[in-house]
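Enquirer:
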Amino acid sequence: KLHNLAPAPGSKKKKIRVGRGEGGRRGKTAGRGTKGLKARNTLRPGFEGGQTPLAMRLPKLPGFKNPNKEPYLVINVGELDEFKAGSEVTPETLRERGLIHQRGQVKVLAEGDLDKSLTVKAHAFSKTRRSKRQAGRPRSSDLEPLTANS
557 KLHNLAPAPG SKKKKIRVGR GEGGRRGKTA GRGTKGLKAR NTLRPGFEGG QTPLAMRLPK
617 LPGFKNPNKE PYLVINVGEL DEFKAGSEVT PETLRERGLI HQRGQVKVLA EGDLDKSLTV
677 KAHAFSKTRR SKRQAGRPRS SDLEPLTANS
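Residues in the sequence shown are numbered from 557 upward in steps of one, following my numbering.
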């Protein structure tokens, strides 16, 4: 029966509470010995007992990550298929159609195919997209990179 269930005898060991008075087995120094850093508080994370820590043994990585870098809003050529032939595609028209959702610089990638002739204005084009652009349509031109206030 469920109401008769109990843990096996000896399987539940009681936790030893240290530093709870001199009358108990682990009072006063609570099993830490006397004085020294280990007796007072915990060692900081990464401390290896005097050995040169791993973080200092490993080489520094080259370069740095630019905290001010803004990622491009990516659009594929195949997604431009919903525009009418001969129309001009700009970041504003892409935003109106819901193809991009934020403000920022737009990059056109070569994924997908487009049979229409469009004029595409974007801040950047992928290398594959540029080679396709030289081969034929759609016509495209680079916009000036956006500044912080635009």
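Note that CB positions come from ideal geometry on N, CA and C, so glycine has one too.
#1: Run through DSSP, which three-state label would Ser-706 get?
#2: Looking at C-alpha atoms only, which residue of Leu-665, Val-645, Glu-652, Ala-678 is the closest neighbour of Lys-672?
#3: Suppose contacts are defined by Cβ-Cβ distances below 8 Å. Is Val-630 in contact with Lys-663 by that definition?
#4: Around the C-beta of Ala-704, are 16 or more other C-beta atoms found within 10 angstroms, so that it is buried, or is it exposed?
#5: Please confirm whether Pro-609 and Gly-619 have their CB atoms less than 8 Å apart.
#6: Only counting the same chain, and skipping five residues up and downstream in sequence, which positions put a Cβ closer than 6 Å to that of Arg-582?
#7: Please list the terminal residues of the continuous beta strand (DSSP E) segment that includes Leu-593.
#8: Between the stretch 653 to 660 and the stretch 622 to 629, can you find at least three pairs of beta-carbon atoms closer than 8 Å?
#9: Determine whether the beta carbon atoms of Glu-667 and Asn-632 lie at a separation below 8 Å.
#10: Which stretch, first to last residue, makes up the beta strand (DSSP E) that contains Ala-641?
Expert: Taking the coordinates as given:
#1: Note that Ser-706 has pLDDT 37, beneath the 50 cutoff, so the model's placement of it is unreliable and no number is given.
#2: Val-645
#3: yes
#4: Residue placement at Ala-704 cannot be trusted, given a pLDDT of 43 that sits under 50; the coordinates are not used to answer.
#5: no
#6: Val-574
#7: Here Leu-593 belongs to no beta strand (DSSP E); instead the alpha helix (DSSP H) covers 593 to 596.
#8: yes
#9: yes
#10: That residue, Ala-641, is in no beta strand (DSSP E); it is neither H nor E in DSSP.
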